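Structure record follows, encoded as structure tokens.
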Amino acid sequence: MRLKRKRFTRKIISKLSKYFVVFAVSVFYIFPAWYSDWSYRKAITNNPAAGGDLTNFPLLLVVSNDNDLSNYASNNGYDILFTLKNGTTKLAHEIEYYSNGTLISWIKIPVLSATEQDSNVIYMYYGKSAAENQQNTSAVWDANYKGVWH
Numbered sequence: 007m008r009l010k011r012k013r014f015t016r017k018i019i020s021k022l023s024k025y026f027v028v029f030a031v032s033v034f035y036i037f038p039a040w041y042s043d044w045s046y047r048k049a050i051t052n053n054p055a056a057g058g059d060l061t062n063f064p065l066l067l068v069v070s071n072d073n074d075l076s077n078y079a080s081n082n083g084y085d086i087l088f089t090l091k092n093g094t095t096k097l098a099h100e101i102e103y104y105s106n107g108t109l110i111s112w113i114k115i116p117v118l119s120a121t122e123q124d125s126n127v128i129y130m131y132y133g134k135s136a137a138e139n140q141q142n143t144s145a146v147w148d149a150n151y152k153g154v155w156h
């Protein structure tokens with residue numbers, strides 16, 4: 007009886023395989039191991055730079071009353087870090103102010119494109135308990151900066 011069942015199954019499969027093609031799709035996400043301890047990530051999209059590309063530009067980021075930051079970032083903001091669009095290249099930043107989900111930060115962007123908005127995406131990571139201070143203030147500014155006025 008078993009032998010007949012196997013033959014029958016093989017015949018069915020061989021006949022069906024003439025008419026059906028089966029596709030298997032695998033979906034997986036690769037997160038960089040270095041940032042795997044961070045629980046949260048947000049994409050930040052910047053408008054294209056006016057007049058031309060800007061290089062090594064300290065970008066001002068102001069986030070007001072963000073519930074996720076308020077609930078999941080550390081109270082001192084030490085776990086906040088920024089990366090390029092690739093999610094792994096860490097960007098130098100300075101946190102000017104952080105409290106209860108409100109953040110004022112300067113982030114040094116290697117190239118702020120005047121034409122390609124998609125390339126102006128950066129990521130903000132947060133939500134790592136007991137994180138060391140992620141800021142690199144001296145790399146955001148150089149000796150040529152005397153002040154920034156808005």
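Just so you know, the working numbering puts 42 at position 36 of the sequence shown, and the rest follows in order with no gaps. Backbone N, C-alpha and C fix where the C-beta goes; we use that ideal spot for every residue, glycine too. The model shown is predicted, which means the values in this text are computed figures rather than measured ones.
- Listed as beta-bridge partners of residue 90 by DSSP are 128.
- Residues 65, 118, 126 of the same chain have their beta carbon placed closer than 7 Å to that of residue 52, with the five preceding and five following residues left out of the count.
- In this structure, the beta-carbon distance from residue 128 to residue 88 falls below 7 Å.
- 7 Å or more divides the Cβ of residue 41 from the Cβ of residue 85.
- Comparing alpha-carbon positions, the option among 130, 134, 80, 111 lying closest to residue 94 turns out to be 130.
- With fewer than 16 other beta carbons inside 10 angstroms of its own, residue 151 counts as exposed.
- Its chain contains 85, 86, 132, 133 as the residues whose beta carbon lies nearer than 7 Å to that of residue 79, once the 5 sequence neighbours on both sides are disregarded; these appear in chain order.
- Annotation: the continuous beta strand (DSSP E) that includes residue 49 extends over 46-51.
- Distance check between residue 147 and each of 71, 77, 57, 100 places 100 closest, using alpha-carbon atoms only.
- Contiguous alpha helix (DSSP H) elements confined to the region 67-122 occur at 73-78, taking only those with 4 or more residues.
- As the crow flies, the alpha-carbon of residue 43 is around 23 Å from that of residue 112.
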